[in-house]
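Enquirer: Below is one structure. I have some questions about it.
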Amino acid sequence: METLAWIILGLPLLSAVTIHLGLKSSKNLSAYLATGSAFVTLVLALIILMPETENRALEWATIGDLKIEIGLQLDSFAKGMMIVVTGVGFLVHLFSLAYMKDDSAKERYFCGLSLFMFSMTGIVMAPNFLMMFMFWELVGLSSYLLIGHWYEKDSAADAAKKAFLTNRIGDFGFMIGILMLWGITGTFTFDGLSEFFDGAHPEVLVPSVTILSISILLIFMGAMGKSAQAPLHVWLPDAMEGPTPVSALIHAATMVAAGVFMMARLYTSIGVDTIGHLWGMNTIAWIGGITSLLAALMATQQDDIKKILAYSTLSQLGYMVMAVGLLDPEAGMFHLFTHAWFKALLFLGSGAVIYACHHEQNIWKMGGLQRKMPITFLTFGIGTLALCGFPFTAGFFSKEQILESAAHSKQWGLFAVAALVACLTTFYMLRLFFIAFLGKNRSDKANHAKEVGPLMFVPLVILAVLALLSGYQFLANNLSPLYNHEGFHVGAPFIASISALVIGGFLSWKLYFNAESDPLANNSLCKIFRNKFYIDELYAKIVGYAQDTVAAIVHFIDELVINGLIVGGFSRAAGGIGRIFGRLQSGNLQGYAALFGLGVILVIYLTVFVS
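Read in order, the letters of the sequence shown are residues 1047 to 1657 in this note's numbering.
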């Protein structure tokens, strides 16, 4: 089984290298090769899912007390996540065969997809933080290439750079954090961390509590970047500039999931009991809650179908981070698992709509698509219900588990935030659904839309089934890492979940069912939501001020210190010395004779009297 795992890791890399080096001139062959490799990795991931596999690692290098090992972690945690990555990855590849068929750089696109798959599978199966960090950086690189695929557009190029640079901020904290953790434990491996903390009682760790707390918060900075948590969330909505299948891959199962996966892996390795004794851990839960709420409010006033889903992803990632911060990584990973399927469904469904509407993305220029695109309408509706947490869909079970975590922890502030976000989620998703699919056609593009072909709607149907069933025990028990949900019961979380669904649905129906324009367009508060709380503008001013300040300091150093003191000082000194020697070379013969005479007298004096 270990051999199969290495094949899963290496096959996407082989595909990427082959396409880059040998198939640049064959666009269709590169697409089929990448899709074929994605299918094989999915099949192999399903094969290794059941058997117990022993983890083995090779010692690659030793630097003092530091041992660097290479291997694969094949526990149930990694295997379950591998199904998500390879499953969504293959369906995105399949969808892309039709969506990107006329793209002029199709081979570069599929090369980037293969590199992305390689990077993400590496993160999932990494047995230690060093390997995870290397693949972590590769995910950042490959996402930069995919977001900027249409780099001819300034907006796409800028979005790629924004994603890359924002993630570097988080990754710097991640790197420092894992080094601090190694300083405490002497190991980078997840098994080594488990052994260390299993053998140490909390009181034994008291001298290291502060350093351990800081190291975990610094590691969380990496998760804030990858999983787009405030204030490092600004790159994710702009990532919509990439092709829509890329958006599905980034927003559903890969890059944004990496941060939550890493934190859940860290929490389960150290142990929630140990982490519960550290200070500052509640900060993680509140960052997730605040991100979730802000993103949900922003989503209520977006008109771009992809931007609505982007802010929805931000909000749901906040849900997952909140669960991890509440010391319930199982709930966070369960929601990550279910969210991957229905969010991939929604993004690919939006891609089908955009494709059918001749690349129109404004929902107010759609309408009436339920008659034009019945399969897309049905599958998108299922994804919408799952995201809203409609009873007995996958999203219902995973969202309720997070509400249960907040209630069990007596974190009623976070419980209220989670319930409000659930209400807002229902509101903005039904708003999107009512405007885009119901009513009448609002543009010629929508009027001429037609159902997409099998290469597009088959992935939608598969994902729709998973959006309905992936929360049930018979499926989630085998596929979802750390699944422990035992069903639901009528209590505060259940009542809050149903109430949020009813209130959000009623408000959305009242305002947007058969609406021809947005009734909240001129509302002052909604304008703030539409402009994303002006956070991007604030960052632009801060960065601009920082650039101006640095430029002024550099100008001061360049003009006064370098040009004035160093260059100018040397030139003035050289000029002064030159003038001194210039006086000696006056051209006056009488002066030369006088100096010659003085020299002779000095020599005679030194010879006779000094000697």
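Ideal Cβ positions, reconstructed from N, Cα and C, are used throughout, including at glycine.
(1) Is the Cβ-Cβ distance between residue 1020 and residue 1483 less than 9 Å?
(2) Quick check on this structure: which residue in 1329, 1154, 1277, 1317 has the alpha carbon closest to the alpha carbon of residue 1289?
(3) So, do the stretch 1155–1173 and the stretch 1138–1146 have three or more beta carbon pairs nearer to each other than 8 Å?
(4) Could you compute how far the alpha carbon of residue 1013 sits from the alpha carbon of residue 1589?
(5) Answer with buried or exposed for residue 1636, where buried requires no fewer than 16 other C-beta atoms within 10 angstroms of its C-beta.
(6) To the nearest angstrom, report how far apart residue 1473 and residue 1548 are at their CA atoms.
(7) Quick one: using the 10 Å Cβ neighbour count with 16 as the cut-off for buried, is residue 1584 buried or exposed?
(8) Suppose only complete runs of 3+ residues qualify. What are the beta strand (DSSP E) ranges in the stretch 1291–1348, listed by chain order?
(9) Are residue 1394 and residue 1506 closer than 9 Å when you measure CB to CB?
(10) Assuming the contact rule is C-beta atoms closer than 8 Å, residue 1127 and residue 1170 should be a hit. Round their C-beta distance to whole Å, please.
(11) Look up residue 1235 in the DSSP assignment and say whether it is helix, strand or coil.
(12) List the whole-angstrom C-beta distance separating residue 1488 from residue 1558, where the pair is believed to meet the contact cut-off of C-beta under 8 Å.
(13) Per DSSP, what kind of secondary structure is residue 1148 in: helix, strand or coil?
(14) Count the CB pairs spanning the stretch 1161–1177 and the stretch 1203–1212 that are closer than 8 Å, and state whether there are at least three.
(15) Taking the alpha-carbon of residue 1551 as reference, which of 1486, 1587, 1503, 1470 has the nearest alpha-carbon?
(16) Measuring CB to CB, does residue 1216 end up less than 9 Å from residue 1137?
(17) Alpha helix (DSSP H) containing residue 1556: first to last residue?
(18) Note down, in chain order, each residue of its chain lying with its Cβ closer than 6 Å to the Cβ of residue 1344, except the 5 sequence neighbours on either side.
(19) Among the candidates 1054, 1370, 1305, whose CA atom is the shortest distance from the CA of residue 1164?
(20) Within 10 Å of its beta-carbon, does residue 1212 have 16 or more other beta-carbons around it, so buried, or fewer, so exposed?
(21) Rounding to the nearest angstrom, what Cα-Cα distance links residue 1458 and residue 1515 in this structure?
(22) Provide the residue span of the alpha helix (DSSP H) that contains residue 1655, from first to last.
(23) Tell me, to the nearest whole angstrom, how far the beta carbon of residue 1448 is from that of residue 1368; I am working on the premise that it is less than 8 Å.
(24) Could you give the DSSP three-state label for residue 1117: helix, strand or coil?
(25) Would residue 1499 pass as a contact of residue 1442 if the rule is Cβ separation under 9 Å?
(26) Pop quiz: residue 1388 and residue 1310 are said to be a contact at Cβ under 8 Å. What is the actual Cβ separation, rounded to whole angstroms?
(27) Assuming residue 1718 and residue 1326 make a contact with CB atoms under 8 Å, what is their CB distance in whole Å?
(28) What do you reckon, are the CB atoms on residue 1051 and residue 1160 nearer than 9 Å?
(29) On the premise that residue 1571 lies in contact with residue 1492, defined as a C-beta separation below 8 Å, what is that separation, rounded to the nearest angstrom?
(30) Going by the DSSP bridge assignment, what does residue 1471 pair with across the sheet?
(31) Is residue 1276 near residue 1267, with beta carbons less than 9 Å apart?
(32) In whole angstroms, give me the CA-to-CA distance for residue 1538 and residue 1063.
Expert: Let me lay it out:
(1) Because residue 1020 is not part of the residues shown, which for the chain are 1047 to 1657, the question remains open.
(2) 1154
(3) yes
(4) Residue coverage of the chain in this structure runs from 1047 to 1657, which leaves residue 1013 outside it and unanswerable.
(5) exposed
(6) 10 Å
(7) exposed
(8) none
(9) yes
(10) 5 Å
(11) strand
(12) No, residue 1488 and residue 1558 are not in contact; Cβ-Cβ is about 13 Å, not under 8 Å.
(13) coil
(14) no
(15) 1470
(16) no
(17) 1538–1558
(18) 1357, 1575, 1578
(19) 1054
(20) buried
(21) 30 Å
(22) Premise fails: residue 1655 is in no alpha helix (DSSP H) and is neither H nor E.
(23) 7 Å
(24) strand
(25) no
(26) Actually they are not in contact, since the Cβ atoms of residue 1388 and residue 1310 sit about 20 Å apart, beyond 8 Å.
(27) What is shown of the chain runs 1047 to 1657, which leaves residue 1718 out entirely.
(28) no
(29) Contact doesn't hold; Cβ gap of about 30 Å is too wide.
(30) The partner list for residue 1471 (beta bridge, DSSP) is empty, contrary to what the question assumes.
(31) no
(32) 53 Å
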